[in-house]
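**Q**
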Amino acid sequence: MNLKISESLDNLGRSVLSGVEQMGGMLILLISTFGWMFRPPLKLRNIIKQMEFVGVKSTFVVVLTGTFTGMVLALQSYHGFRLFSAEGLVGSTVALSMTRELGPVLTGLMVTARAGSAMAAELGTMRVTEQIDALYVMAANPIKYLVVPRIAASVLMVPLLTAISDFLGILGGYFVGVVLLDINEGIFLDNIYKYVELDDIYNGLVKAAFFGLLLSLIGCYKGFNTRGGAEGVGMATTEAVVIASVSILVADYFLTAIMF
Amino acid sequence: MIRIVDLHKSFKSQKVLDGVDLEIEDGKTTVIIGRSGGGKSVLLKHIIGLMKPDSGQILVDDVDIAKLDDRGLNEVRKKFGMLFQEGALFDSMNVAENVGFSLREHTKMKKEEIRAVVAERLKAVGLPGIEEKMPSELSGGMRKRVALARAIAINPQIVLFDEPTTGLDPIMLEAINHLIIDTQKNFNLTCIVISHDIESIFKVGHKIAMLYEGKIIEYGTPEEIKTSANPVLKQFLTGSIEGPIQIM
Chain A
1 MNLKISESLD NLGRSVLSGV EQMGGMLILL ISTFGWMFRP PLKLRNIIKQ MEFVGVKSTF
61 VVVLTGTFTG MVLALQSYHG FRLFSAEGLV GSTVALSMTR ELGPVLTGLM VTARAGSAMA
121 AELGTMRVTE QIDALYVMAA NPIKYLVVPR IAASVLMVPL LTAISDFLGI LGGYFVGVVL
181 LDINEGIFLD NIYKYVELDD IYNGLVKAAF FGLLLSLIGC YKGFNTRGGA EGVGMATTEA
241 VVIASVSILV ADYFLTAIMF
Chain B
1001 MIRIVDLHKS FKSQKVLDGV DLEIEDGKTT VIIGRSGGGK SVLLKHIIGL MKPDSGQILV
1061 DDVDIAKLDD RGLNEVRKKF GMLFQEGALF DSMNVAENVG FSLREHTKMK KEEIRAVVAE
1121 RLKAVGLPGI EEKMPSELSG GMRKRVALAR AIAINPQIVL FDEPTTGLDP IMLEAINHLI
1181 IDTQKNFNLT CIVISHDIES IFKVGHKIAM LYEGKIIEYG TPEEIKTSAN PVLKQFLTGS
1241 IEGPIQIM
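Residue numbers (our numbering), protein chains in the order written: chain A, 1 to 260; chain B, 1001 to 1248.
(1) Using a C-beta to C-beta distance shorter than 8 Å, which residues of chain A count as neighbours of residue 1088(B)?
(2) Under 8 Å, with one C-beta from each stretch per pair, do the stretch 1045-1059 of chain B and the stretch 1200-1216 of chain B reach the 3-pair mark?
(3) Report yes if the C-beta distance between residue 1165(B) and residue 1195(B) is below 8 Å; otherwise report no.
(4) Which residues in the same chain have their Cβ closer than 8 Å to the Cβ of residue 1155(B), if we skip the five residues on either side of it in sequence?
(5) What does the Cβ neighbour count give for residue 1014(B), buried or exposed, with the cut at 16 atoms within 10 Å?
(6) The beta strand (DSSP E) that contains residue 1215(B), what's its start and end?
(7) Would you say residue 1196(B) lies against chain A (beta-carbon separation less than 8 Å)?
(8) How many whole angstroms separate the CB atoms of residue 164(A) and residue 91(A), which I take to be in contact at a CB cut-off of 8 Å?
(9) Starting from residue 1064(B), follow its DSSP beta bridges and name the residues at the other end.
(10) So what's residue 1159(B) in DSSP terms, helix, strand or just coil?
(11) Over what stretch of residues does the beta strand (DSSP E) that includes residue 1192(B) continue unbroken?
(12) Along the stretch 1069-1103 of chain B, what residues have a CB closer than 9 Å to any CB found in chain A?
(13) State buried or exposed for residue 1001(B), treating a residue as buried only when at least 16 other CB atoms are found within 10 Å of its CB.
(14) Please return the same chain residues whose Cβ sits closer than 7 Å to the Cβ of residue 205(A), not counting the five positions on each side in sequence.
(15) Does the CB of residue 235(A) have a neighbour CB from chain B at under 8 Å?
(16) Please go through the same chain and pick out, in chain order, the residues whose beta-carbon is closer than 6 Å to the beta-carbon of residue 1150(B), but skip the five residues on each side of it.
(17) Spell out a yes or no on whether the stretch 61-70 of chain A and the stretch 80-98 of chain A are touching, meaning 3 or more CB-CB pairs, one atom from each, closer than 8 Å.
(18) Taking 8 Å as the threshold (beta carbon to beta carbon), is residue 137(A) in contact with chain B?
(19) Would residue 1048(B) pass as an interface residue toward chain A - the criterion being a Cβ-Cβ separation below 8 Å?
(20) Quick test of the definition: if touching needs 3 or more C-beta pairs under 8 Å, does the stretch 1085-1092 of chain B touch the stretch 1104-1114 of chain B?
(21) Using a C-beta to C-beta distance shorter than 9 Å, which residues of chain B count as neighbours of residue 230(A)?
(22) Which two residues bound the contiguous alpha helix (DSSP H) that contains residue 38(A)?
(23) Scan the stretch 1046-1127 of chain B and note each continuous alpha helix (DSSP H) run of 4 residues or more that stays entirely inside, going in chain order.
(24) Skipping 5 residues on each side, what residues in its chain have a beta carbon closer than 8 Å to that of residue 1249(B)?
(25) Between the stretch 1104-1120 of chain B and chain A, which residues of the former have CB atoms less than 8 Å from a CB of the latter, in chain order?
(26) Mark residue 1084(B) as exposed unless 16 or more other C-beta atoms lie within 10 angstroms of its C-beta, in which case mark it buried.
(27) Taking only the alpha-carbon atoms, compute the straight-line gap between residue 29(A) and residue 185(A) and give it to the nearest angstrom.
(28) Which residues does DSSP pair with residue 1007(B) in a beta bridge?
(29) The beta strand (DSSP E) with residue 1209(B) in it runs from where to where?
(30) Could you give the distance in angstroms between the alpha-carbon of residue 1073(B) and the alpha-carbon of residue 135(A)?
(31) For residue 178(A), I'd like the list of residues in its chain whose CB is within less than 7 Å of its CB, leaving aside the five on either flank, ordered along the chain.
(32) Could you tell me whether any Cβ in chain B is nearer than 8 Å to the Cβ of residue 140(A)?
(33) Quick one: is residue 103(A) buried, meaning 16 or more other Cβ sit within 10 Å of its Cβ, or exposed?
(34) Output yes or no for whether 8 Å exceeds the beta carbon distance between residue 236(A) and residue 80(A).
(35) Would you check if the stretch 243-252 of chain A and the stretch 198-215 of chain A touch, i.e. whether three or more CB-CB distances between them fall below 8 Å?
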């Protein structure tokens, strides 16, 4: 019995230590990324290439999730609001939900699944096939070459994708609310103007930038510290997606509490 | 000149290098032999500063690289080229971009000049005209030759080879051996080769060092190594199961 308790405590201790070690490692990676980010020569070509990968190539999936989220939100809220004849509030509900919450969070999660996982897998493969060592040997710092472009691109592109998601979510809500469910167009739009403030949009975009930082930092950290061949790459990719997704949701609560 | 003095390295409780002393002669090829997992690659990674020792010195032209910061280390690394076991070519770049990487990063050469050097190095390794190919389109032997072209692109003084012949067919193995010999001669390089291919080590090495239980137990010319009475070395060279080396 005592042995079991001791083993459990031992495992718990190990998990806590490993968690603290990983957070420390990510912080060190973040500091050194900022250190290298503005040191010339700026590798703009690498950053633009990553912006294309993180941003342009994630557009389709963000368009789909944004549009359908707005549509389902309109559908659900319509049924609720209809109970007390407040269908006109559907537009503002969709707009506020999209700009403040669902736009940034869903975009963050989608980019994590598409680009964050790819970052972990690509850097992990580079680690196990000694390509990262090769960069060191050729006197080229891998953080500057590999991590800085990915983090910079994510911080810039996730807010842009979020803006697309916000816009299309509201458009989807408009389509369901006004076109399909016959809510008065004037009331629908007027309520959006009345209740949605610019701060709602700005703060949502700031949250999105933070999610971009989180998902790329975690993806790069996990990839950079991959060990043990193909299995290690698989594990690093899975861990990156799980940790980044959970971190986005946890960070979302605290950012919302601070900002709104 | 590279001098390794009393180098120690452990991973947790496992001692990998236990007081390595070795001098690498300039303009010669030194082959380091030893069992798989015996610390050869770890030693090579110390020589190029990819690992920090627990204690001891690695002197490259009298500079202890174990004490250098990143910037100092990068300056020293410009003297080196390295051929990794599987080539370690960058997947996202084509052959020309791989070979020209160091030239783009560390010289002010124009694109056309870089292109000319890349073509010349590819010709030197027997692969002219493959600039546009991606690493995934190359065979194992071709990848190693492109990696060698990349390693010598910036005219290094020292080239490190990490098991250059592992996984190759006998013909390609022989081709790589000749390439190491020719490259060393033509570019007057100091080469350090890690290998456990017995035939190859006697072909390419001017000096051979045997690493065993974390120490260099024998060092000499191929003739001296062949005639050595050291039982560990004898067993290693003959590939015998019987002897002081325990099979785990």
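For each residue, glycine too, the CB sits at the ideal point set by N, CA and C.
**A** Result, derived from the coordinates:
(1) 129, 130, 131, 133, 134
(2) no
(3) yes
(4) 1187
(5) exposed
(6) 1215-1220
(7) no
(8) 19 Å between Cβ atoms; not a contact.
(9) 1059(B).
(10) Looking at residue 1159(B) - three-state DSSP - the assignment turns out to be strand.
(11) Here the beta strand (DSSP E) through residue 1192(B) covers 1190-1194.
(12) 1070, 1073, 1074, 1075, 1076, 1077, 1078, 1080, 1081, 1082, 1084, 1085, 1086, 1087, 1088, 1089, 1090, 1091, 1092, 1101, 1102
(13) exposed
(14) 159, 162, 163
(15) no
(16) 1098, 1099
(17) yes
(18) Output row for residue 137(A): interface = yes.
(19) yes
(20) no
(21) The contacting residues do not exist; residue 230(A) stays about 13 Å from chain B at best.
(22) Note, residue 38(A): premise wrong, no alpha helix (DSSP H); not H, not E.
(23) 1070-1077, 1095-1099, 1101-1106, 1111-1124
(24) Absent from the model: residue 1249(B). The displayed extent of chain B is 1001 to 1248, so no value can be given.
(25) 1105, 1106
(26) buried
(27) 50 Å
(28) Answer by DSSP bridge pairing, in chain order: 1020(B).
(29) Unbroken beta strand (DSSP E) run through residue 1209(B): 1207-1212.
(30) 13 Å
(31) Around residue 178(A): 185, 188.
(32) yes
(33) buried
(34) no
(35) yes
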